[in-house]
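Asker:
Residue numbers (the working numbering): 26 to 164.
#1: Kindly list the residues whose CB is nearer than 6 angstroms to the CB of residue 67, restricted to its own chain and excluding five residues on each side of it in sequence; keep chain order.
#2: Terminal residues of the continuous alpha helix (DSSP H) containing residue 145?
#3: Skipping 5 residues on each side, what residues in its chain have a beta carbon closer than 6 angstroms to that of residue 29?
#4: My output table needs one value for residue 66: the three-state DSSP class, helix, strand or coil.
#5: Taking all protein chains shown into account, decide if residue 95 is buried (16 or more other Cβ within 10 angstroms of its Cβ) or exposed.
#6: Compute the Euclidean distance between the alpha carbons of residue 134 and residue 78, then round it to the nearest angstrom.
#7: Distance, Cα to Cα, residue 70 vs residue 138?
#8: In whole angstroms, what separates the C-alpha of residue 27 from that of residue 46?
#9: Does the distance from the C-beta atom of residue 98 to that of residue 120 stay below 8 angstroms?
#10: Can you tell me whether residue 92 is buried or exposed, with buried defined as 16 or more other CB within 10 angstroms of its CB?
#11: Suppose you measure from the CA of residue 156 to the CA of residue 55; what does that come to, to the nearest Å?
#12: Helix, strand or coil for residue 140 per DSSP?
#13: Can you tell me the Cα-Cα spacing of residue 129 and residue 84, whole angstroms?
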């Protein structure tokens, strides 16, 4: 009887430690999966911004090419005709180049917002989780 009384608390303590370890394992797994999902979401968002910025830079390049073409036409018309024709071409070229500049600035802004392509929010969250776990284990 005496041996049964002393073995029961030990068995209960072992069972509770086992349950705690099992719960800890499940919680850590859940936390890791959550952090991975956060990182994926953040990278997708930044990737979409990078694509948009690249598209704007592409648009700026196309409009810039049209501007250069119009400047060439302006030079030709300026040499071949009276003032009004080349002045009209110069005005069109200036408008196209201004548009290219606006598109380039917008593309630069979007690309800067998407770089570096790191999941910084997820990294910060993981660091905070590690700090929280470290503080809890010190107690």
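By construction, the Cβ of each residue, glycine as well, lies at the ideal position given by its N, Cα and C atoms.
Answerer: So, to answer that:
#1: Answer for residue 67: 144, 146, 147, listed in chain order.
#2: 145 to 163
#3: Annotation note: pLDDT 47 at residue 29 (below 50); position unreliable, no value reported.
#4: helix
#5: buried
#6: 7 angstroms
#7: 10 angstroms
#8: In this predicted model, residue 27 has a pLDDT of only 48, less than 50, meaning its place in the structure is not dependable enough to derive any value.
#9: no
#10: buried
#11: 17 angstroms
#12: If DSSP states are grouped into helix, strand and coil, residue 140 belongs with coil.
#13: 8 angstroms
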